[in-house]
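Numbered according to this note's numbering, the sequence shown spans residues 434 to 740. Comments concern the structure below.
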Amino acid sequence: MKCKDLLSIADILPSDIEEIFHVTRELKEWHNKGYDEKCLDGKILGMIFEKSSMRTRVSFEVAMIQLGGHAIYLTQSDINLGKREAVKDGARVLSRYVDGIAIRTFGQDTIQELARYATVPVINALSDYLHPCQALTDMYTIKEKFGNYTSIKIAFVGDGNNVARSLAQICARLGLCFHVASPKGYELTPDFISKIKQMTNGSDIIRLYQDPKEAVEKAHVIYTDTWVSMGQEAEKEVRQKAFKDFQINSDILKLARDEVKVMHCLPAHRGEEITDEVIDGPHSIVYDQAENRLHVEKALLKLLLRK
Ligand code: CP
Ligand code: NVA
434 MKCKDLLSIA DILPSDIEEI FHVTRELKEW HNKGYDEKCL DGKILGMIFE
484 KSSMRTRVSF EVAMIQLGGH AIYLTQSDIN LGKREAVKDG ARVLSRYVDG
534 IAIRTFGQDT IQELARYATV PVINALSDYL HPCQALTDMY TIKEKFGNYT
584 SIKIAFVGDG NNVARSLAQI CARLGLCFHV ASPKGYELTP DFISKIKQMT
634 NGSDIIRLYQ DPKEAVEKAH VIYTDTWVSM GQEAEKEVRQ KAFKDFQINS
684 DILKLARDEV KVMHCLPAHR GEEITDEVID GPHSIVYDQA ENRLHVEKAL
734 LKLLLRK
């Protein structure tokens with residue numbers, strides 16, 4: 434990978450994604466045979482988390498330990514970035530202590546600013562706008578399950594949120610069809626869609642629907658995420674009403690391909706965006722997907738921190 438940071442899938446090339454996937458496959462195979470390459474011996478990852486996390490926090494921390502390094506978990510009350518001190522001061526000082534920074538926060542602009550002033554690699558561990566580590570993992574998982582992703586259609590049913598945006602970006606980079614069904618007012622915005630078009634030299638890889646039944650027709654993958662993302666808790670009731678017909682249940686699954694796979698970035702809200710029957714059923718690959726966060730992030734850390 435040529436770039437210093439991973440802030441957005443829009444910043445990386447298809448060849449970077451292939452390189453990440455190649456290293457992921459190697460590290461995963463070795464790990465499953467009982468061997469972890471200690472390529473980050475003595476390296477330290479600072480992890481700034483201003484929002485809750487289970488998968489991202491644990492997978493990054495375990496990844497560092499398995500590769501021979503360490504991770505330091507910093508919450509908002511520890512460093513209070515942007516309030517106790519300017520983001521650029523935090524970036525400059527942390528760069529003198531650690532070898533890389535993973536950050537989960539609200540504004541994508543905070544992450545961009547941190548990366549601008551940090552001399553060490555910065556990894557976006559989720560912002561309100563994007564979730565690139567999730568999208569990389571999702572596409573790696575799709576490749577693992579289907580063998581390739583060139584003829585795959587993904588139907589995303591739900592909010593045009595951070596997860597949907599990063600998935601749209603990676604579909605644009607790799608040439609997959611991305612069909613999105615969202616209630617009115619919760620769609621991917623025209624401004625975002627035009628940025629995706631620029632990434633694909635004008636070709637339409639995204640189609641928007643208001644009816645989830647139309648979006649999932651003949652889909653290889655159905656993907657969903659929470660109706661209420663972190664930071665939107667005050668809108669919970671309004672959102673639950675708006676999204677009530679956008680649930681992934683066994684009826685909607687019948688409209689997709691027989692071999693359809695169901696994905697969810699987790700945490701899931703069982704009985705809301707997805708039913709127990711579907712998430713626990715034979716089409717669900719959500720736990721393989723969650724496991725792959727570890728392997729993909731190990732590859733990312735190896736490629737970015739070893740430089
Ligand atoms: N999918 C994901 O990022 O999970 P966490 O919020 O638990 O990290
Ligand atoms: N869209 C969700 C993703 C959680 C991993 C959120 O931002 O809360």
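Just so it is clear, CB atoms sit at the ideal spot from N, CA and C, and this is done for glycine as well.
Contact between the stretch 455 to 464 and the stretch 584 to 597 is absent: fewer than three C-beta pairs spanning the two stretches fall below 8 Å. It is roughly 46 Å from the alpha-carbon of Pro616 to the alpha-carbon of Gly501. Taking C-beta separations shorter than 8 Å and ignoring five residues to either side along the sequence, the partners of Glu546 in its chain run Val520, Lys521, Ala524, following chain order. For Cys472, the secondary structure class from DSSP, reduced to helix, strand or coil, is coil. Following the DSSP letters along the chain, one finds Arg537 inside the beta strand (DSSP E) bounded by residues 533 to 537. Measuring C-alpha to C-alpha distances from Glu494 to each of Tyr506, Ser636, Gln680 identifies Tyr506 as the nearest.
Assignment of beta-bridge partners to Ile639 by DSSP yields Phe611. Using a cutoff of 7 Å, the CB of Arg490 counts as near the ligand CP, since one of the ligand's heavy atoms is closer than that. Remark: the shortest separation between the CB of Ser662 and any heavy atom of the ligand NVA falls under 7 Å.
Annotation: the stretch 482 to 542 contains the following complete segments of the alpha helix (DSSP H) (minimum length 4 residues), in chain order: 488 to 499, 509 to 512, 520 to 530.
Nearest in C-alpha terms to Tyr619, of all of Gln643, Ile450, Gln602, Gly540, is Gln643.
The beta carbons of Leu738 and Asp532 sit closer together than 8 Å. Between the stretch 633 to 642 and the stretch 660 to 676 there are fewer than three C-beta pairs closer than 8 Å, too few to call the two in contact. Going by C-alpha positions, Asn595 is about 25 Å away from Met497. Within the same chain, and ignoring the five residues on either side of Met434 in sequence, the residues whose Cβ sits closer than 8 Å to its Cβ are Ile445, Asp449, Glu452, Ile453, Leu736, Leu737.
Every alpha helix (DSSP H) stretch that sits fully inside the stretch 553 to 619 and reaches 4 residues is listed by chain position as 565 to 579, 595 to 607. Closest option to Thr543, judged by alpha-carbon separation, among Gly591, Arg490, Phe482, Cys566: Phe482.
For Lys628, the enclosing alpha helix (DSSP H) begins and ends at 623 to 632. Here the alpha carbons of Thr633 and His612 stand approximately 15 Å from one another. A Cβ-Cβ contact shorter than 8 Å links Ile629 with Ala605.
For Ile450, there is no enclosing beta strand (DSSP E); the residue is found in the alpha helix (DSSP H) stretching over 447 to 465. Collapsing the DSSP output to three states places Arg739 in coil. Per DSSP, the continuous alpha helix (DSSP H) segment holding Val711 begins and ends at 709 to 712.
Residue burial annotation: Met487 is exposed, with fewer than 16 other C-beta atoms found within 10 angstroms of its C-beta. The Cβ atoms of Val695 and Ile681 lie closer than 8 Å to each other.
Not a single heavy atom of the ligand CP lies less than 7 Å from the C-beta of Met572. Short note on Ser486: C-beta closer than 7 Å to some heavy atom of the ligand CP. Look at His728 here: in three-state DSSP terms it is helix. Segment contact: the stretch 647 to 665 against the stretch 464 to 480, fewer than three CB-CB distances shorter than 8 Å; contact not assigned. Its chain contains Thr457, Leu569, Thr570, Tyr573 as the residues whose beta carbon lies nearer than 6 Å to that of Val729, once the 5 sequence neighbours on both sides are disregarded; these appear in chain order. Within 7 Å of the C-beta of Thr622 there is not a single heavy atom belonging to the ligand NVA. Within the same chain, and ignoring the five residues on either side of Ala614 in sequence, the residues whose Cβ sits closer than 6 Å to its Cβ are Val590, Tyr642, Pro645, Ala648. For a cut-off of 8 Å, the C-beta gap from Ala558 to Arg529 is around 21 Å, too long to register as a contact.
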